[in-house]
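K.L.:
The structure that follows is given in the form of structure tokens.
Protein chains: 2
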Amino acid sequence: MLSLSYHQSLSPAVQVRGNHIESSSPFPSTFTRRLNLNYITSSSLSWMLKQHSPPMLPCRASLEVQSTSNRNKDLPVHGVSETVVGVLGGGQLGRMLCQAASQMGIKVIVLDPMENCPASVLAHYHMVGSYDDSAAVEEFAKRCGVLTVEIEHVDAATLEKLEQQGVDCQPKASTIRIIQDKYLQKVHFSRHAIPLPKFMQIDDFESAQRAGDFYGYPLMIKSRRLAYDGRGNAVAKSEEELACAVHALGGYDRGLYVEKWAPFVKELAVIVARGSDNSILCYPVVETIHRENICHVVKAPANVPWKIMKLATDVAYRAVSSLEGAGVFAVELFLTADGQILLNEVAPRPHNSGHHTIESCFTSQFEQHLRAVVGLPLGDPSMKTPAAIMYNILGEDEGEPGFLRTHQLIGRALGIPGATVHWYDKPEMRKQRKMGHITIVGSSMGILESQLKSMLREDIMDDQPAVTPRVGIIMGSDSDLPVMKDAAKILKEFDVPAEVRIVSAHRTPEMMFSYALSARERGIQIIIAGAGGAAHLPGMVAALTPIPVIGVPVRASVLDGLDSLLSIVQMPRGVPVATVAINNATNAGLLAVRMLGVGDADLQAKMVQYQEDRRDEVLVKGEKLQRGGWEDYLNA
Amino acid sequence: MLSLSYHQSLSPAVQVRGNHIESSSPFPSTFTRRLNLNYITSSSLSWMLKQHSPPMLPCRASLEVQSTSNRNKDLPVHGVSETVVGVLGGGQLGRMLCQAASQMGIKVIVLDPMENCPASVLAHYHMVGSYDDSAAVEEFAKRCGVLTVEIEHVDAATLEKLEQQGVDCQPKASTIRIIQDKYLQKVHFSRHAIPLPKFMQIDDFESAQRAGDFYGYPLMIKSRRLAYDGRGNAVAKSEEELACAVHALGGYDRGLYVEKWAPFVKELAVIVARGSDNSILCYPVVETIHRENICHVVKAPANVPWKIMKLATDVAYRAVSSLEGAGVFAVELFLTADGQILLNEVAPRPHNSGHHTIESCFTSQFEQHLRAVVGLPLGDPSMKTPAAIMYNILGEDEGEPGFLRTHQLIGRALGIPGATVHWYDKPEMRKQRKMGHITIVGSSMGILESQLKSMLREDIMDDQPAVTPRVGIIMGSDSDLPVMKDAAKILKEFDVPAEVRIVSAHRTPEMMFSYALSARERGIQIIIAGAGGAAHLPGMVAALTPIPVIGVPVRASVLDGLDSLLSIVQMPRGVPVATVAINNATNAGLLAVRMLGVGDADLQAKMVQYQEDRRDEVLVKGEKLQRGGWEDYLNA
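These protein sequences, in sequence, are chains A and B.
Quick note on numbering: the first sequence equals residues 1 to 636 in my numbering.
Quick note on numbering: the second sequence equals residues 637 to 1272 in my numbering.
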């Protein structure tokens, strides 16, 4: 059949080229493109090897055009989806969209002016052209089943025109138009009662002065359009600095507005996904740490009270609900000292604050965006690892010295368990340019932070232990150690890293406080506390931490330890202590292993084995007793 | 600079083509290829849009050849690695290698005879040719920095020759030679004292008969070469069936051997990674379930005792240690009824039994293979989710009806939380052909198995609860319910799904046994057991399961519940029960939430909030007392 096709119609070649310029159906042209490409890729080589003759190319294509176009009209979908996703922009976001798409076998095509843009090598095809050149965008639109963006600075008018022609744009052109003008964006969200910093437009020095008088200084001045990574922002610390700040932004004609200074304590972000059925799902709230206005580190989940998480998620949800179209949206937020959440801005696309989702969530923001725009059900946005931290690899110096330092950083990252290195393969390095990113996932933020430190060489060389302890064993006095050592022994037997400390509730109350309050952040997941007599340590520690506390009553000189048992176990409602038998630190260690086993199949398997071994020991004794009789057994 | 290049040297075009056929350095040619390709992709379009004239193509390439080749000689590595990885074979394994490589910005090129092989669209370039055609392989080798395989049925002699010429092959040609001949493989491993089923070569009916006499029937007959997915295996149930089985395999001349029938209870597999520094890391042991000799389902980790895991890992480790070269290896094993581990066979490459690692492990088998062959440190092979299950999407009927049924399966998979769909984008469907796979990850195998069932529509419609309970609340009698309900209330408050059951140790011992033994497999992660008087339930249940058991002493008519407390907390060494205060089921619920919070940052944040709210309540009361005085407070 194939070999036959070689002999058919040598002529339609040009005709085909012609066709898929005019073509209105999105499919034939794209498929032709792919096939031409595919054929050229392989053929030019197979030609070198097998001396084929090049002229065969186009007729192959023409043949496929028919078959594929038919297929799409009449036949069921093969695989996940056959909708070709057209992405305006081919930067790292487009590249990571292509990576997610290739897993599902979804075809992504990109429009980007740079021939060697990051997405180029992975895209089903890359059309070289500008995403704000309407001719290019219209031409591009013919080749895809749905049109989406990885950057909001595209020609919104063209998108609106295309929508009128029936092109499926996700998110909608209206959304792009609102978001790409930061002032319109603010107006839109304030109309929808989304909390945000006060703002007003300025057209001249007088209006700027007035704004300064209203909002006070420092005053944030922003340009309405083409602003990203802090470009387009300027701060005036006083009225004197107004003119200079405005000048730095290119003058009033550029289109400027001012924002009341938002004295935030943390910057938060929420990735929100909207399905084609308008269902909305929110990713966990993350903390974003910027340096020179560029995203530097992202911590997921954010270490903020649950109330704040709920509030941030609610604001993000409402903000996205007010916009039209499917896809993922990134909502950047300010958390103020008085616990308010203010909206900073929204991006109608995957976002740097969501890169961690590739490794840490059940559905990455990139797969989610594809699911949304092609009309598949949304995936689960929740985290599959307790914590994740993302570090942006930003361009250091220009050229080779910068590459060298970056390569050394990557070398250290590759040695860190749970770290994944993403490299965008950009041809040149420029200062502050996003060259790649590193995501570390693990069992607690405390552990990840120390790993990040050592990756960045910020820690005083090797002052922290090689392995972060997962269990903290504490006791009121060294006289408890002969009992408490059994917990340490068990944890060692199960290869669970633990630390052993003396922390007295009555003699070193401050130390007890700081230990209990810092334990979780240091990566401690469970605390085993032993105490005798009026045993207050376990209960006090349990009151100061959200992690499980296991209490070991240690037998004191009097009352056989019943006093310790009752003072540990009889805790008031609200503050539980997992109490074990008097002096039975072995069971405390085993209980800690069972708790960790809930999320660690490996440990749970070890526990099953431990239980079988204990059973076998008893069976052996039983057999010995049966064989030898009770006298021998006792005399032995 | 670029625009300049357009005007330079139109002539070298052909010369360049010539060059990178002759070229010995791996880099120039590949880079040229990429650039040619890239340029053709974009240019043919930009030409249509902007009326460029095609002749410019090659000189661009020639320009880049120089720059890139220089770069590789003199300058530091940009990004992760600039070693171009050449892969013999471009099937789904090659495709997934390309996906892992694109994340790290590593360039992968593939040699495969199929123009539209799964890896073709993702490979840096795809050379169309056969991986057992030595001319093609030698030509291909010139274009890569390291040569590896995704299939072992390649021309080993050529690899040996290339190694002598200094080409870096990982794993080594010697390994490929041993493994591609199953008989040689068996001889090799038996020489290295790896346990495996007895085997012997057969060249004629007499030797086959002799084998039958030695090993008995059923007898497994295998062809030495080109065997995979069960092809090349035949079973003779009796001497009468020998001839027919041998005939089915193509006769004695094909090269046959027999294996003693291995009566296994489970098939296990271990992915083992070997770094270029010879460091070796093993992935968790998985269970593989085959259907018609093709991998059907993989469960990670395997549900076998720890001893078996250690034994399987040890055998796999020793098997791989006996082979040469870097990369990942898949070791397929039999577990026999008497707890023996026998080696079945080894694959010198990523493997179907390791697909789950993409979503479930810190480093996927594909990233690991790339790290190994390009000489980077190995990544962490351990699991980041407690459990994973992989289901192969195999071709159903030929053609469209098959595609339709597959598409319906995928539709159901997309609705399952934690499920990821991989589609290999193969042009045609054939029965039993691997078209893609689905991986589901989650908190326990029990949950995943019920999700798989509902995906495959094997469950009697909706007979199981929508959400699998994570906590089981059990009590000795309904008279305990007024106390135990408080645990259920707390779990409801924290959105933790729980089930409530009456299970008496003394009145329904069998039910207690079956409940305790099945809890973990059903997805129960923690058990809260309440009992009064001689309270044996918590301790007995703890003795029958490896998951944490929380005991609630319920106050009986006499002794104020001290009897219950002591009979629950005073457990012997080896069997811990996390005991809370008498009648304090609230604390039991909170303790369960703290335990689950160890692996669930979301729950932990909620717990922090809960503690703050309780504190605020007390502060309010304190303020009220201070304001109104103690009399008003008491009278109120």
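Cβ atoms here follow ideal geometry from the backbone N, Cα and C, with glycine treated the same way.
Of the residues Asp1238(B), Lys946(B), Glu1146(B), which one's Cα is nearest the Cα of Trp306(A)?
P.N.:
Asp1238(B)
K.L.:
Using a Cβ-Cβ distance under 8 Å, would Val1077(B) count as near chain A?
P.N.:
yes
K.L.:
Specify the secondary structure class of Ala1024(B) as computed by DSSP and reduced to three states.
P.N.:
If DSSP states are grouped into helix, strand and coil, Ala1024(B) belongs with the strands.
K.L.:
Using a Cβ-Cβ cut-off of 8 Å, state whether Trp942(B) counts as contacting chain A.
P.N.:
yes
K.L.:
Quick one: which residues of the region 733-756 of chain B get their C-beta closer than 7 Å to a C-beta of chain A? List them in chain order.
P.N.:
Gln735, Ser738, Gln739, Met740, Gly741, Glu751, Asn752, Ser756
K.L.:
If you drop the 5 nearest sequence neighbours on each side, which residues of the same chain put their C-beta closer than 7 Å to that of Ala578(B)?
P.N.:
Outside the modelled stretch of chain B, which goes from 637 to 1272, sits residue 578(B), for which no answer is possible.
K.L.:
Could you please give me the residues that DSSP links to Trp1059(B) through a beta bridge?
P.N.:
Gly1072(B)
K.L.:
I want to verify the contact list: residues of chain B whose CB lies under 8 Å from the CB of Ile138(A), in sequence order.
P.N.:
First, the residue type needs correcting, since residue 138(A) is Glu and not Ile in the sequence shown. Residues of chain B passing the Cβ test: none, with the nearest at roughly 11 Å.
K.L.:
Considering only their Cβ atoms, is the gap separating Gln806(B) from Gly961(B) smaller than 8 Å?
P.N.:
Yes, Cβ-Cβ distance for Gly961(B) and Gln806(B) is below 8 Å.
K.L.:
Any C-beta of chain B within less than 8 Å: which residues of the region 573-588 of chain A qualify?
P.N.:
Arg573, Gly574, Val575, Pro576, Val577, Ala578, Thr579, Val580, Ala581, Ile582, Asn584, Thr586, Asn587, Ala588
K.L.:
Should Ala890(B) be labelled buried (16 or more other beta-carbon atoms within 10 Å of its own) or exposed?
P.N.:
The amino acid occupying residue 890(B) in the given sequence is Arg; Ala does not appear at that position. Result: exposed.
K.L.:
Closest Cβ-Cβ distance between Gly887(B) and chain A: below 8 Å?
P.N.:
no
K.L.:
Can you pull the chain A neighbours of Ala898(B), defined as C-beta to C-beta under 8 Å?
P.N.:
The premise fails here: Ala898(B) is roughly 24 Å from chain A at the closest Cβ pair, so nothing lies under 8 Å.
K.L.:
Interface residues of chain A around Val716(B) at Cβ under 7 Å?
P.N.:
Ile410, Val421, Trp423
K.L.:
Are Gly79(A) and Val87(A) closer than 8 Å when you measure CB to CB?
P.N.:
Using a Cβ distance threshold of 8 Å, Gly79(A) and Val87(A) do not count as a contacting pair.
K.L.:
Could you check whether Ile221(A) and Val246(A) sit closer than 8 Å to each other, using their CB atoms as the reference points?
P.N.:
yes
K.L.:
Need the endpoints of the alpha helix (DSSP H) that Asp1199(B) sits in, please.
P.N.:
1198-1205
K.L.:
Among residues of its own chain, excluding the 5 on either side of Gly561(A), which ones have a beta-carbon nearer than 8 Å to its beta-carbon?
P.N.:
Closer than 8 Å at Cβ, skipping near neighbours: Gly532, Pro553, Val554, Arg555, Ile582, Asn583.
K.L.:
Under the assumption that Ser298(A) contacts Val286(A) (Cβ atoms under 8 Å), give the Cβ distance between them as a whole number of angstroms.
P.N.:
This sequence places Val at residue 298(A); Ser is not what is there. That pair is a contact at about 5 Å.
K.L.:
Can you check whether the C-beta of Ile1109(B) is within less than 8 Å of a C-beta belonging to chain A?
P.N.:
no
K.L.:
Can you give me the start and stop residues for the alpha helix (DSSP H) that Asp314(A) sits inside?
P.N.:
306-321
K.L.:
Just how far apart, CA to CA, sit Gly1235(B) and Gly599(A)?
P.N.:
6 Å
K.L.:
Can you round the beta-carbon distance between Arg274(A) and Ala141(A) to whole angstroms, since I take them to be within the 8 Å contact cut?
P.N.:
Actually they do not touch by this definition, with Cβ atoms about 21 Å apart.
K.L.:
Please check if any C-beta of chain A sits within less than 8 Å of the C-beta of Thr1310(B).
P.N.:
The structure shown does not extend to residue 1310(B), since chain B is modelled only from 637 through 1272, so no value can be given for it.
K.L.:
Mind pulling the chain A residues with CB within less than 8 Å of Ile1162(B)?
P.N.:
Val598
K.L.:
Consider the Cβ of Asp380(A): report whether some Cβ of chain B lies at a distance smaller than 8 Å.
P.N.:
yes
K.L.:
Looking at the secondary structure, which residues open and close the alpha helix (DSSP H) in which Thr1222(B) lies?
P.N.:
1221-1233
K.L.:
If I measure Cβ to Cβ from Leu537(A) and keep anything under 6 Å in the same chain, skipping five residues before and after, which residues do I get?
P.N.:
For Leu537(A), the CB contacts under 6 Å within the same chain, skipping 5 residues up- and downstream, are Gly476, Ala505, Ala529, Ala531 in chain order.
K.L.:
CA-CA distance, Asp203(A) and Val320(A)?
P.N.:
Cα to Cα, Asp203(A) sits roughly 29 Å from Val320(A).
K.L.:
By a C-beta neighbour count over all protein chains shown, 10 Å radius and 16 as the cutoff for buried, is Ile389(A) buried or exposed?
P.N.:
buried
K.L.:
Is it the case that the Cβ atoms of Val577(A) and Ala605(A) are separated by a distance below 8 Å?
P.N.:
no
K.L.:
Check whether the Cβ atoms of His369(A) and Val328(A) lie closer than 8 Å to each other.
P.N.:
yes
K.L.:
Check whether the Cβ of Val569(A) lies closer than 8 Å to any Cβ atom in chain B.
P.N.:
yes
K.L.:
Leaving out the 5 sequence neighbours to the left and right, which residues in its chain are closer than 8 Å to Glu788(B) when beta-carbon positions are compared?
P.N.:
These residues qualify, in order along the chain: Ile812, Ile815, Gln816, Ala983, Pro984, Arg985.
K.L.:
If you reduce the DSSP assignment to three classes, tell me which class Gln201(A) lands in.
P.N.:
strand
K.L.:
Is Met1120(B) helix, strand or coil by DSSP?
P.N.:
helix
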